[in-house]
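Scroll down for the structure; my scribbles are underneath it.
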Amino acid sequence: EKDSAIALFKKAASLNPENLVSQVSNAKALYFVGDTATANQEFCNIIKKTKRKNPTVLFQIAETYATAPLKNLKLAEAYLRDVTRLDSKNMEAYILLGDVLLEQSTSNASAATEQYNNALAINPNSARVIVRKAKIYQRVQNYKLANDEYKKAQAIEPNYAPAYRENAE
1160 EKDSAIALFK KAASLNPENL VSQVSNAKAL YFVGDTATAN QEFCNIIKKT
1210 KRKNPTVLFQ IAETYATAPL KNLKLAEAYL RDVTRLDSKN MEAYILLGDV
1260 LLEQSTSNAS AATEQYNNAL AINPNSARVI VRKAKIYQRV QNYKLANDEY
1310 KKAQAIEPNY APAYRENAE
């Protein structure tokens, strides 16, 4: 729900305007309403303030580029690679990087799989990551391996509905 998201980004930005994450929220709101030029400039200013060394800020910016209606997957990938370099234990960054790589190259999922494996190295019991890997196996029509992964995710987290839904597909 884009309108609700924009309102929440603006609210987050207003709570502490001096905070860099709040500033990212403000730029994210601009990006989502379609003022990408202003948002990009804001992102650049924020990155300069952090000297490109704040993984939280970089992740938030990368997430914007990866999930907004107007995606910029190359920039998202670049920032996520910086995040994983700065914080090698950031599981969310590895997951999003895998998603971005998979979206950029639908014919070759090995780079995405590598990032999902990096996330699993941090938390081997992440049903969410296991389901993502299972979907890759399903996409290449390795249904047995996909089914095994879905069942593994279901065993780890019995209430994780996507494991059942995707397996049913």
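Numbered by this note's numbering, the letters in the sequence shown go through residues 1160 to 1328 in order.
From the three backbone atoms N, C-alpha and C, an ideal C-beta is built for every residue, glycine too.
Setting aside the 5 residues that flank it on each side, V1299 is surrounded in the same chain by A1268, each with a C-beta closer than 8 Å to its C-beta; the list follows chain order. Here the region 1160–1178 makes no contact with the region 1195–1204; the two share fewer than three CB pairs at distances below 8 Å. For S1264, the secondary structure class from DSSP, reduced to helix, strand or coil, is coil. In terms of Cα proximity to D1162, the closest of V1180, N1178, F1191 and V1183 is F1191. Annotation for D1194: no alpha helix (DSSP H) segment contains it, and DSSP assigns it neither H nor E.
Nearest neighbour of S1266 by Cα position, chosen from K1207, L1234, L1232 and I1295, turns out to be I1295. For Q1300, there is no enclosing alpha helix (DSSP H), since its DSSP letter is neither H nor E. For K1170, the uninterrupted alpha helix (DSSP H) segment begins and ends at K1161 to L1174. In the three-state DSSP reduction, E1251 falls in the helix class (H, G or I).
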